[in-house]
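Participant: For the sequence shown, counting from 1, position 18 maps to 18 in full-length UniProt numbering; every step adds exactly one. Glycine included, C-beta positions come from ideal geometry on N, C-alpha and C. Bear in mind that the values here come from a model prediction, so they are computed numbers and not experimental data.
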Amino acid sequence: MGVGEDLVQIILFILLGMIVAYALVLAASNFGLILLGGATFGVLLYIAIHISKKQGK
1 MGVGEDLVQI ILFILLGMIV AYALVLAASN FGLILLGGAT FGVLLYIAIH ISKKQGK
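1. Does the Cβ of GLY56 have 16 or more other Cβ atoms within 10 Å, making it buried, or fewer, making it exposed?
2. Can you give me the C-alpha to C-alpha distance between GLY4 and LEU24, rounded to a whole angstrom?
3. Within 10 angstroms of the Cβ of ALA48, are there 16 or more other Cβ atoms? Answer buried if so, exposed if not.
4. Does the beta-carbon of VAL8, which I'm using as the reference point, lie nearer than 7 Å to any heavy atom of the ligand SAM?
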């Protein structure tokens, strides 16, 4: 994969994490913290999948 494709995947996973966090925000008091946590979750998910793909080769 090229650098551009990796960047697109990172952005998609960040958005996915934010969507997951948005589902939790109704029970949260600090909206910004939850979005940041969601974005972090998305990045960690991307890294985990990326590493597992490399190990599978």
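Facilitator: Taking the coordinates as given:
1. exposed
2. 31 Å
3. exposed
4. You won't find the ligand SAM in this model; it holds no ligand whatsoever.
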